[in-house]
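Undergrad: Numbering (mature numbering (1 follows the signal peptide of the UniProt record, and there is no 0)), first residue to last: -16 to -1, 1 to 303.
Shown next as structure tokens:
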């Protein structure tokens, strides 16, 4: 099994996926990209700012409105190294020729999105909440399935870690810091997860599970703030973190427990219907982020929230 603890607190996905510098792009199908449509059904697509979460939301909205989803070449190049993409591809030159109607979306499902009019719709925004696609979760799982070699590599990697243990549940600890450390308090009147949150989250899982795998863009901070004295805590190096992001998420369809925010870690957890702990109430009540982001649309009702410590904001300190 694999459980993932999150300390990520920001919704948008513009920097969530590793770029082609870390993995060469997958080859495009040998056939030419799908030409501009001539049928009455038209064509729906999505801006390519986001990645998997947005593509899932687009898939659900287009299907809900009776239209075929087309994936843009740029997004395909990002997702195809991991996923068996079967959606038709539309090339950039075709995209430029189509008289799109840009349709803006907020981050959660609204009733009016069931009745979007138009043949050529380009969805704009970040439709990456579970409220868009929860009703077709199993279909999403099938449509965005992982390559067999990805799943096999993930199993082999984890097998090296469990040693002689007969049954092991891995707890993936994803610590997002980097720009969040400044952006959250300065822009959004919020905080990132601190040492106390990690201790509470890990205490919750430690009673049941054996091995914690820590991945972060602030690994030095993690080593200083995560208590590894009790054993069972593996700090992944840079190469391993790239592999972890790409490989561990592939266990989502295979294992019953995962967790994170709405990036690949979150999506693996969501699709696997796993046990979930998340950082809750991490902004002040007057934060502008709450105008763009609804916690109830990001975190499923059965997930377990641990309240953030907002005292650094109240005392003028940043976390």
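Positions of the beta carbon are idealized from the N, C-alpha and C atoms, including for glycine.
Tell me the start and end of each unbroken alpha helix (DSSP H) in the region 85 to 165 that is at least 4 residues and wholly inside, in chain order.
TA: 114 to 117, 121 to 127, 132 to 146
Undergrad: With a 10 Å radius around its C-beta and 16 neighbouring C-beta atoms as the bar for buried, classify residue 160 as buried or exposed.
TA: buried
Undergrad: Does the beta-carbon of residue 138 have 16 or more other beta-carbons within 10 angstroms, so that it is buried, or is it exposed?
TA: buried
Undergrad: Three-state secondary structure (DSSP) at residue 212?
TA: coil
Undergrad: Rounded to whole angstroms, what is the Cα-Cα separation between residue 296 and residue 204?
TA: 21 Å
Undergrad: Should residue 91 be labelled buried (16 or more other beta-carbon atoms within 10 Å of its own) or exposed?
TA: buried
Undergrad: Considering just the uninterrupted stretch of the alpha helix (DSSP H) at residue 262, what are its terminal residues?
TA: Unbroken run through residue 262 is the beta strand (DSSP E), 261 to 264; no alpha helix (DSSP H).
Undergrad: Three-state secondary structure (DSSP) at residue 172?
TA: coil
Undergrad: For residue 77, which of helix, strand or coil comes out of DSSP?
TA: Reduced to three states, the DSSP call for residue 77 is helix.
Undergrad: Distance, Cα to Cα, residue 97 vs residue 262?
TA: 28 Å
Undergrad: Check whether the Cβ atoms of residue 43 and residue 72 lie closer than 7 Å to each other.
TA: no
Undergrad: Looking only at its own chain, which residues have a Cβ that is under 6 Å from the Cβ of residue 291, when we skip the five neighbours before and after it?
TA: 264, 265
Undergrad: Leaving aside the five residues before and after residue 216 along the sequence, list all residues of the same chain whose C-beta is less than 7 Å from its C-beta, in chain order.
TA: 194, 195, 196
Undergrad: May I ask which residues mark the beginning and end of the beta strand (DSSP E) holding residue 197?
TA: 195 to 200
Undergrad: Check residue 219 in the structure and name its three-state DSSP category.
TA: strand
Undergrad: Does residue 259 pass the burial test, meaning 16 or more other C-beta atoms within 10 Å, or should it be called exposed?
TA: buried
Undergrad: Please classify residue 212 as buried or exposed, where buried requires at least 16 other C-beta atoms within 10 Å of its C-beta.
TA: exposed
Undergrad: Given a threshold of 16 other Cβ atoms within 10 Å of its Cβ, counted over all protein chains shown, does residue 56 qualify as buried or as exposed?
TA: buried
Undergrad: Strictly by DSSP, which residues pair up with residue 56?
TA: 74
Undergrad: Based on the DSSP secondary-structure assignment, which residues constitute the bridge partners of residue 289?
TA: 262
Undergrad: Within 10 angstroms of the Cβ of residue 148, are there 16 or more other Cβ atoms? Answer buried if so, exposed if not.
TA: exposed
Undergrad: Measuring straight from C-alpha to C-alpha, what distance separates residue 70 and residue 293?
TA: So the alpha carbons of these two residues sit roughly 44 Å apart.
Undergrad: When burial is assigned at 16 or more other CB atoms within 10 Å of the CB, is residue 200 buried or exposed?
TA: buried
Undergrad: Apart from the five residues on each side of it in sequence, which residues of its chain come closer than 6 Å, Cβ to Cβ, to residue 84?
TA: These residues qualify, in order along the chain: 104, 106.
Undergrad: Given that a residue counts as buried once 16 or more other Cβ atoms are within 10 Å of its Cβ, and exposed if not, what is residue 174?
TA: Around the beta carbon of residue 174, 16 or more other beta carbons sit within 10 angstroms, so the residue counts as buried.
Undergrad: For residue 113, does the count of other Cβ atoms within 10 angstroms reach 16, so buried, or fall short, so exposed?
TA: buried
Undergrad: Quick check: what's the CA-CA separation for residue 283 versus residue 101?
TA: 30 Å
Undergrad: Within 10 angstroms of the Cβ of residue 285, are there 16 or more other Cβ atoms? Answer buried if so, exposed if not.
TA: exposed
Undergrad: Along the chain, where does the alpha helix (DSSP H) that runs through residue 190 open and close?
TA: 179 to 190
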